[in-house]
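Here's the structure we're looking at; comments come further down.
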Amino acid sequence: MKMVFCMMVLLISLASGSPVIRAQSFAALGSSQGTKTSNAVQLTSFLRQPLPGHAVAQGKPSTYNADTLYQYIDGGADIYLLYDFKTLLHEEFKSGTNELTVDLYDMGTGDDAFGIYSSERSPNYKFLSIGAEGYRATGILNFLAGQYYVKLSGSGLTTDKLLDEFARLLSSRIGGSRVIPPLLLRLPHQDRVPHSEQYIKKDPLGHAFLAPAYIVSYAQGREQMKLVVSVANDGPAAKARAEQFAKHFKQSGESASAPEFGENGMRGSNSFEGHVISRTRGRYLIAVFNPGQTGAGILQAATRSLP
Amino acid sequence: MRNQEWNRRDFIVKPILWAGTASVIGKTQLLIAASVKPPLIQRTLGKTGITLPVVSMGVMNADIPGLLRHAYELGIRHFDTAAVYQQGRNEEMVGNVIKEMGVRDKVVVSTKQPSRGHSGNPAEAKQRFIDGVEASLRRLQMDHVDILYHHGVDSVEDANAEGPLEALQKLKKDGRTRFVGISTHRTVDVLNEAMRLEVFDVALVMLNYTMAHNAEVLSTIERAAKLGIGIVAMKTQAGGTIKPDPKLPKELRPESQTALLKWVLNHEFVTTAIPGFSTYEHLEQDFSVVRDLAYTDREKKFLANDSFVAEAEFCHQCGECKKDCPNQVDIPLLMRSHMYAVQYRNIGVARQTLASAAPGMGLDSCAGCDSCAVHCRTVQIGRKIDELKNLALEQAAI
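In order, the protein sequence lines correspond to chains A and B.
If you use this note's numbering, the first sequence closes out at 300, no skipped numbers anywhere.
If you use this note's numbering, the second sequence closes out at 388, no skipped numbers anywhere.
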């Protein structure tokens, strides 16, 4: 009887188009609206008064999500989306004769924030000890703090000082991790090109199957090498990546087994990527592009450094 | 007349020799035919005199110089970048690779300079624009680019901005760029203004299969091309996957991507497309159309697919519909939810999207209207909302 009654209630509700039923059928799973709101609230809280230089907001802040980011940075949005960009808070300030733009990107995770940060930084910038890392270039100061990528830009007579003060205040308010992804810290330091580390979430070096990957550049004399550590789920998956890697070079140039490098060792080359040596260890596929004379040593040192 | 007399040996041997020779010649011809590919389809870019293969490269990622090298090897000759892409790293990579390959005189390089967000008077805006372009040229290690675009112009007002307009003309006169262009997502309004201004040599416009029923966009682009503005197409395959969320599975097969690209390029008023591939696989896939734009059977089948054709009504999320809704419903959000439910067949994400609507602005607020009276140039909003309502009922019954 109870069952029949419930069915009747359900049928009547459906027939009448009960908003309650509809709301329940498309009820929020988790709290996507809640998460979005808290992202924006959190970001806004970082820009609460007081601010350096008695900076005053010029109008209301704008927020952008994955669907709307292109309205602010056009085609530049694509790479942010590759790193699972969540929310941007954009706000403009005035302090005396200085104008300042603050863009706070919530990337969701420290690795993703580092990924987009590292894709935009140049080893030629002037680096600063702000957050996990920061840098200054003409009229801009960008830094990384936890899951946030903060981009400041300004113009005016005392902009550099204002940018610096803003950055330090924001960094202290944000908190978060003060280091770059731990795996990058483990890789060999000798001959490393400073500030060349990268985390590539999608299509590392043009190969979808290598994702995600950590990349570091090395230089010795005139030799410039690139170390790539591709992280698979497990050993068999890493081996599958190694096989696909070898197949790519076989099809596009040359590839040969190289047991002297260790597990699944390979030597390859083609006309557009140059030479590469690689091997696996556990869940990692490790490769060195343009190895030259010292690349084999970097390959082995990197292999030993991995957890 | 003397006849050639055949003896028995001639009668037997000579035909065999002739047949053998014919066979060898035949096989040789087949081998030659197999190794000789049809030529690349090339078109001329408006009145610029630049001739390009119909597939070019939108350089998306600064960390894959090999991709650019391989693109050149295959035959791509136009590379598009922008000052804002990865804060200049993208331009640096393009410049490094072109210099290293020594092919500057063989390629067409375009970059883009924005003017958005800049305050100040026209003279200041002009100087900022020029300074920005000079910085781009330093990063590219070039003394000029072939096409310089005013980047991301999405209103008639921006198209008319005095500072960038004067900057573009000065930079062209000074030889810092051979040609000037305008890039936009608001094709009809901005391209009409570009035609009126008679300043721009090239237009970079969004064009994809989701606009197949948008006669206004297509005719505007065609008219601009007839006036001599070179047309470069971007976002050519975005219609197939909209803005793919990396977490969503890509349901479309490779022939969908080539079909979508061919659809764009089968409009002869488009000179070239700049798909933004980021893998070697996609580069080769996209470039595979450059010699033959005829659809394969699989591609025809994909384009004829009813559900995909229905979804070709692409909501561009402009939000202009919201003001006409008496209940202030977040219509762009409902359209996104419809896309997830129907095109991506991901009811879970569709639900989440609907649930993210602000109170009183979701699907529930549509309950009071028998049918939707909001009008959109490209989307049948009422039909899609009805489909969402029906889906909601189906889900409730499960």
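Built from N, CA and C at the ideal position, the CB exists for glycine as well.
Whole angstroms is fine: what's the gap from residue i's alpha carbon to residue j's?
i	j	result
Arg128(B)	Met196(B)	29 Å
Leu163(A)	Leu93(A)	14 Å
Ser223(A)	Leu57(B)	19 Å
Ile167(A)	His83(A)	16 Å
His241(A)	Val281(A)	15 Å
Asp105(A)	Gly39(B)	44 Å
Val74(B)	Gln217(A)	27 Å
Gln117(B)	Gly153(B)	8 Å
Asp95(B)	Ala193(B)	23 Å
Gln213(A)	Pro45(A)	44 Å
Gly85(B)	Met132(B)	7 Å
Gly132(A)	Val93(B)	34 Å
Val178(B)	Gly258(A)	56 Å
Gln64(A)	Arg260(A)	45 Å
Val143(B)	Asn226(A)	44 Å
Val143(A)	Thr273(A)	36 Å
Asp164(B)	Gly288(A)	46 Å
Pro112(B)	Asn182(B)	23 Å
Leu35(B)	Thr248(B)	22 Å
Pro205(A)	Ile193(A)	6 Å
Ala382(B)	Ala138(A)	42 Å
Gln227(B)	Arg243(B)	12 Å
Compare the C-beta of residue i against all C-beta atoms of chain A and say whether one is closer than 7 Å.
i	result
His203(B)	no
Tyr75(B)	yes
Arg397(B)	As displayed, chain B neither begins before -9 nor continues past 388, which places residue 397(B) out of reach and without an answer.
Ser268(B)	yes
Gly309(B)	no
Leu197(B)	no
Arg129(B)	no
Arg281(B)	no
Ile54(B)	yes
His60(B)	yes
Gly122(B)	no
Glu377(B)	no
Leu57(B)	yes
Looking at the unbroken alpha helix (DSSP H) that takes in residue i, where does it start and where does it end?
i	result
Val281(A)	Careful: Val281(A) lies outside any alpha helix (DSSP H), inside the beta strand (DSSP E) at Tyr277 to Phe282.
Thr248(B)	Pro244 to Leu255
Phe107(A)	Gly103 to Glu113
Ile88(B)	Arg79 to Met91
Leu208(B)	Ala205 to Lys216
Ala294(B)	Asp287 to Ala294
Phe238(A)	Gly228 to Ser245
Ala206(A)	Per DSSP, Ala206(A) belongs to no alpha helix (DSSP H); it is in the beta strand (DSSP E), Ala206 to Gln213.
Lys27(B)	No alpha helix (DSSP H) holds Lys27(B); DSSP gives it neither H nor E.
For the beta strand (DSSP E) that residue i lies in, which residues bound it at each end?
i	result
Ala137(A)	A quick correction: the sequence has Leu, not Ala, at residue 137(A). Residues Ile133 to Ala138.
Glu92(A)	Asn91 to Asp99
Met218(A)	Glu216 to Val224
Leu42(B)	Thr41 to Pro43
Leu81(A)	Thr80 to Ser88
Met196(B)	Val192 to Met196
Ser148(A)	Tyr141 to Ser148
Asp70(B)	His68 to Asp70
Ser271(A)	Gly267 to Arg274
Gly127(A)	Glu126 to Ala130
Tyr57(A)	Ser55 to Tyr57
Is there a Cβ of chain B sitting closer than 7 Å to that of residue i, yes or no?
i	result
Ala33(A)	no
Asp96(A)	no
Gly147(A)	no
Gln26(A)	Residue confidence for Gln26(A) is low, a pLDDT of 41 falling below 50, so the modelled location carries little weight and cannot support an answer.
Gly261(A)	no
Ser248(A)	no
Leu44(A)	no
Leu198(A)	yes
Ala160(A)	no
Gly103(A)	no
Asp67(A)	yes
Would you check whether the ligand ATP has a heavy atom nearer than 6 Å to the C-beta of residue i?
i	result
Glu253(A)	As far as ligands go, the structure on display features none, and thus does not contain the ligand ATP.
Subject >> Runs of beta strand (DSSP E) lying entirely within the segment 117 to 174 of chain B, each at least 3 residues, in chain order >> reply: 135 to 141 and 167 to 174
Subject >> Cβ contact check for the segment 282 to 298 of chain A and the segment 180 to 189 of chain A: 3 or more pairs under 8 Å >> reply: The count of Cβ pairs closer than 8 Å, one atom from the segment 282 to 298 of chain A and one from the segment 180 to 189 of chain A, reaches three, so the stretches are in contact.
**OP:** For the segment 230 to 240 of chain A and the segment 116 to 130 of chain A, state whether three or more C-beta atom pairs, one from each stretch, are separated by less than 8 Å.
**Re:** no
Subject >> Inter-stretch contact (C-beta, 8 Å, three-pair minimum) for the segment 43 to 55 of chain B and the segment 254 to 270 of chain B >> reply: yes
Subject >> the segment 275 to 283 of chain B touching the segment 319 to 326 of chain B, judged by at least three CB pairs closer than 8 Å >> reply: no
Original post:
Below 8 Å, can you find three or more Cβ-Cβ pairs linking the segment 55 to 64 of chain A to the segment 184 to 196 of chain A?
Top reply: Judged by Cβ distances under 8 Å, the segment 55 to 64 of chain A makes no contact with the segment 184 to 196 of chain A, as fewer than three pairs qualify.
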